[in-house]
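Working notes for the structure below.
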Amino acid sequence: MRLLPALAIACAAALAAGCTQEQQNKLGREIQNWTGTDGVLEIYAGDKLVRRFIHVDKLSTALGTDDHQPRAYRYGYGVLDENLNFVVDPGEKKVYFELGGYGNYVFFENPHPR
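Sequential numbering from 50 applies to the sequence shown in the numbering used here.
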């Protein structure tokens, strides 16, 4: 019975080894999209933090309606942390946001989870 989990792990490793790096990244993103994240998105103007969104599940790259080609912006949903304290305070709500492709931003796992 212990052979079955080991065999499953070996098969998964063999499949991953046969994939290109981009395919491996895509698979990792799909798994992460399924399991969810508790991300933080910080937007900077130069070296100054100007906006923070917390409880962001993922950032998505926009695709063209007709040509399905990636666009130069990303979008998602998160709580606008107006006072930058990593806490959802009264009045702070989940909002939709978009980021230009050339913005100065950082997306990372929340160090202060819910």
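Every residue, glycine too, gets a C-beta built ideally from N, C-alpha and C.
Annotation for Val99: the continuous beta strand (DSSP E) segment containing it runs 97 to 105.
Contact annotation, Gly140 with Phe102: C-beta distance approximately 15 Å; criterion of less than 8 Å not satisfied. Distance from the Cα of Gly113 is smallest, within the candidate group His104, Arg123, Tyr93, for Arg123. For a cut-off of 8 Å, the C-beta gap from Gly88 to Phe156 is around 6 Å, short enough to register as a contact.
The Cβ atoms of Gly125 and Leu98 do not sit closer than 7 Å to each other.
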